[in-house]
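Peer 1:
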Amino acid sequence: AQSVAQPEDQVNVAEGNPLTVKCTYSVSGNPYLFWYVQYPNRGLQFLLKYITGDNLVKGSYGFEAEFNKSQTSFHLKKPSALVSDSALYFCAVRDGPYQKVTFGTGTKLQVIP
Amino acid sequence: SAVISQKPSRDICQRGTSLTIQCQVDSQVTMMFWYRQQPGQSLTLIATANQGSEATYESGFVIDKFPISRPNLTFSTLTVSNMSPEDSSIYLCSVEGDRGGDTQYFGPGTRLTVL
Chain P
27 AQSVAQPEDQ VNVAEGNPLT VKCTYSVSGN PYLFWYVQYP NRGLQFLLKY
77 ITGDNLVKGS YGFEAEFNKS QTSFHLKKPS ALVSDSALYF CAVRDGPYQK
127 VTFGTGTKLQ VIP
Chain S
5 SAVISQKPSR DICQRGTSLT IQCQVDSQVT MMFWYRQQPG QSLTLIATAN
55 QGSEATYESG FVIDKFPISR PNLTFSTLTV SNMSPEDSSI YLCSVEGDRG
105 GDTQYFGPGT RLTVL
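These protein sequence lines map, in sequence, to chains P and S.
Okay, so the first sequence: first residue is 27 according to the working numbering, each after it adds one.
Okay, so the second sequence: first residue is 5 according to the working numbering, each after it adds one.
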């Protein structure tokens, strides 16, 4: 069975500082990994994904994530946080195309002005 | 990516009633999904809806409680039947993207409160 862990319920970072939101996963085959963001009273917006290729993937709004196979991690990063980045972030994994997606429990990012 | 809309965006309902949520996509898609997000929780898949076949329900969800229709490749409905306060959640429609089934995209969600 596949699983995703987001060890931090909340991450606080000062505006302008780099941010990291952590995610580790477990899957039997080659992972398809995703980050989504959810703003208050909104649906999930796709940020980025890793399927194959370069371990560093770039996504929307200046976010990037690094795939680390040996550590089974896929941490979300941004060099300089904005107050508008404050939202709920979900990591997700699937074991191939058209397979069921498993979501993490979410990490609330609070960027402090 | 597909543009997905949901109606209603939110509703407040009485215990014992039913609510039908609509999901409309701006392009034809094979697979559509319905998720539930309970307050402060992650997403849980309710069912997968493919056009022309019965929906496939996940463990813990049954057709009598959550009947789903999928009349064509751009539209689906989810009904929450005989509601109780425990059904208060955000209900999200999702579709597979247009790149070989590697990414799901989500609608804006329907926020349901049951009194």
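Beta carbons: idealized from backbone N, C-alpha and C, even for Gly.
Which residues of chain P have a Cβ atom closer than 7 Å to the Cβ of Phe110 (chain S), listed in chain order?
Peer 2: Gly69, Leu70
Peer 1: Taking 8 Å as the CB-CB cut-off, is Ser46 (chain S) touching chain P?
Peer 2: With 8 Å as the cut-off, Ser46 (chain S) counts as an interface residue toward chain P.
Peer 1: Bridge partners of Cys117 (chain P), per DSSP?
Peer 2: P:Trp61
Peer 1: Ignoring anything shorter than 3 residues or poking outside the region 27-93 of chain P, list the beta strand (DSSP E) runs there in chain order.
Peer 2: 29-31, 36-40, 45-47, 50-52, 58-64, 70-76, 82-84
Peer 1: Thinking C-beta only, is Thr48 (chain S) closer than 8 Å to Phe37 (chain S)?
Peer 2: no
Peer 1: For Glu100 (chain S), which residues in chain P fall below 8 Å Cβ to Cβ?
Peer 2: Under the 8 Å cutoff, chain P gives Tyr124.
Peer 1: With distances taken between CB atoms, is the gap from Ser93 (chain S) to Gln26 (chain S) smaller than 8 Å?
Peer 2: no
Peer 1: From which residue to which residue does the beta strand (DSSP E) around Met87 (chain S) run?
Peer 2: Looking at the DSSP string, Met87 (chain S) is not in any beta strand (DSSP E), and its letter there is neither H nor E.
Peer 1: What residues of chain S sit near Phe116 (chain P), judged by a beta carbon separation below 9 Å?
Peer 2: Ser46, Leu47
Peer 1: Hey, is Phe129 (chain P)'s beta-carbon within less than 8 Å of any beta-carbon in chain S?
Peer 2: It does: the Cβ of Phe129 (chain P) has a partner Cβ on chain S nearer than 8 Å.
Peer 1: Quick one: grab the DSSP three-state call for Asp111 (chain P).
Peer 2: helix
Peer 1: Mapping the DSSP letters down to three states, classify Ile67 (chain S) as helix, strand or coil.
Peer 2: In this structure, Ile67 (chain S) counts as coil in the three-state DSSP scheme.
Peer 1: If you compare alpha carbons, which of P:Ser99, P:Ser106, P:Phe100, P:Thr78 is closest to Tyr87 (chain P)?
Peer 2: The shortest Cα separation from Tyr87 (chain P) among P:Ser99, P:Ser106, P:Phe100, P:Thr78 belongs to P:Ser106.
Peer 1: Can you pull out the residues from the region 82-100 of chain P whose beta carbon lies closer than 7 Å to at least one beta carbon of chain S?
Peer 2: none
Peer 1: For Val33 (chain S), name the three-state secondary structure that DSSP assigns.
Peer 2: Correct three-state label for Val33 (chain S): coil.
Peer 1: Kindly indicate if chain S contains any beta-carbon less than 8 Å away from that of Ile138 (chain P).
Peer 2: no
Peer 1: Measuring straight from C-alpha to C-alpha, what distance separates Asp15 (chain S) and Leu23 (chain S)?
Peer 2: In a straight line, the C-alpha of Asp15 (chain S) is about 9 Å away from that of Leu23 (chain S).
Peer 1: Give every residue of the same chain whose Cβ lies closer than 8 Å to the Cβ of Tyr61 (chain S), excluding the five residues on either side of it in the sequence, and list them in chain order.
Peer 2: Ile50, Ala51, Ile67, Phe70
Peer 1: Out of P:Val83, P:Pro123, P:Ala91, P:Ser112, point me to the one whose CA is closest to Val37 (chain P)'s CA.
Peer 2: P:Ser112
Peer 1: Step through the CB atoms of chain P and report whether any lies within less than 8 Å of the CB of Arg19 (chain S).
Peer 2: By this cut-off, Arg19 (chain S) is not an interface position.
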